[in-house]
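In my numbering, the protein residues as written are -4 to 380.
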């Protein structure tokens, strides 16, 4: 994902709740109500696990909404590679939901400038519309909610607070802090899941959700006010428009396996903010976090050439061309920051980890077919079931 796209998405999330500082019912999310076939209006906040087809090919999509902001990703079931989506708000059209695909790192500038688009419309529990490629050719979208055995319902929440640096001044810099995350609802192991999610946010788990958010925000904004006082006489007050945002999104949800993407962004002065993505895989059935070693019995020396081969294919680097034409080094080290789908593993590298900030977050997808000798067959069967 490009850095600019990520910052924009988080900025839109902050704006989505500027009408109020606190989540009003953050501690008591409700189970989604049954769908009415006549419904054409989506709730203001929801999480939906969708299955269906795009261009006739089976896909899985995870779709979340908070106010005017949507978060979504999908993958083709026969490929497994994530396709992240950027929401494109159209104030002149309140019916269609529009996304563009986040183009992976590539040497093809034409592809990067003209990503595929998804235009969907909701009616009667279904999302239908068109997927449009860069040439403008369209293919049908047909998606419905589906929650197979071992999947969970969630209610997304948003907490946001602000503080003005110099209340006596017009156009004073402002600090903003926010958290956007889902809480599991209904029966099952929801309490265990929610405890793990609040830990990801660094919330005090001895408090209610509302109280924990208030505590975290109070501490952050107090520090901001104290720092602002030290810089009251300086010219570069724009650098005091601090932001801290933390979002958690669902990326896999079935067979008592849950995968979360935890995204953190912070701006505290300087040329740009910093952000990072962490993937967290849970085995809810056995109440444990899944590590790479749980799924793949291979050391880094074995995995490295496999990742390098797939990375070269992804970015269009021919054999013999040095990796440091794109990366910092001439090799691609393995990482424990990974996700899974039915078809393979995605390895995720944050800005500055292996490449420049401008390259954004880098995903390298490795099909299970490349890893067959090293896979934990029992865990693999649950993922692919």
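Built from N, CA and C at the ideal position, the CB exists for glycine as well.
Listed in chain order, the non-local C-beta contacts of residue 236 below 7 Å within the same chain comprise 168, 169, local neighbours out to five positions each way being set aside. Every beta strand (DSSP E) of 3 residues or more that sits fully in the stretch 148 to 220 is shown, in chain order, as 148 to 159, 169 to 180. Comparing alpha carbon positions, the residue from 163, 40, 251 closest to residue 182 is 251. By the Cβ neighbour-count rule, residue 77 is buried, with 16 or more other Cβ atoms within 10 Å of its own. Residue nearest to residue 48 within the set 275, 65, 72 is 72 (criterion: CA-CA distance).
Annotation for residue 296: the continuous alpha helix (DSSP H) segment containing it runs 295 to 310.
Between the stretch 152 to 160 and the stretch 204 to 221 there are three or more inter-stretch CB-CB distances shorter than 8 Å, so the stretches are counted as touching.
One Cα belongs to residue 208, the other to residue 200, and the distance between them is close to 10 Å.
At least 9 Å separates the beta-carbon of residue 341 from that of residue 366.
Closest option to residue 277, judged by alpha-carbon separation, among 134, 378, 197, 196: 378. From the listed residues 227, 355, 335, 374, the smallest Cα separation to residue 281 is found for 374.
A Cβ-Cβ distance of about 6 Å is found for the pair residue 82 and residue 64, placing them in contact under the 8 Å criterion.
Under the DSSP definition of a beta bridge, residue 44 partners with 57.
DSSP places residue 349 outside both helix and strand once states are collapsed to three, so it counts as coil. The residue from 291, 95, 205, 214 with its alpha-carbon nearest to that of residue 68 is 95.
Shown here, residue 380 sits in coil according to DSSP, grouped into three states, outside any helix or strand.
Bounds of the alpha helix (DSSP H) holding residue 287 are 287 to 290.
Just measuring C-alpha positions, the residue of 112, 137, 203, 85 sitting nearest residue 123 is 137. Between the alpha carbons of residue 262 and residue 40 lies a gap of roughly 27 Å. DSSP links residue 244 through a beta bridge to 256. Listed in chain order, the non-local C-beta contacts of residue 317 below 8 Å within the same chain comprise 325, local neighbours out to five positions each way being set aside.
Bridge pairing for residue 112: 95, 127 [DSSP]. If you check the CB distance, residue 257 and residue 241 come in under 9 Å.
Residue state for residue 76 is assigned as coil, using DSSP reduced to three classes. The beta carbon of residue 345 sits closer than 7 Å to the beta carbons of 271, 272, 356 from its chain, once the five residues preceding and following it are set aside; these are given in chain order.
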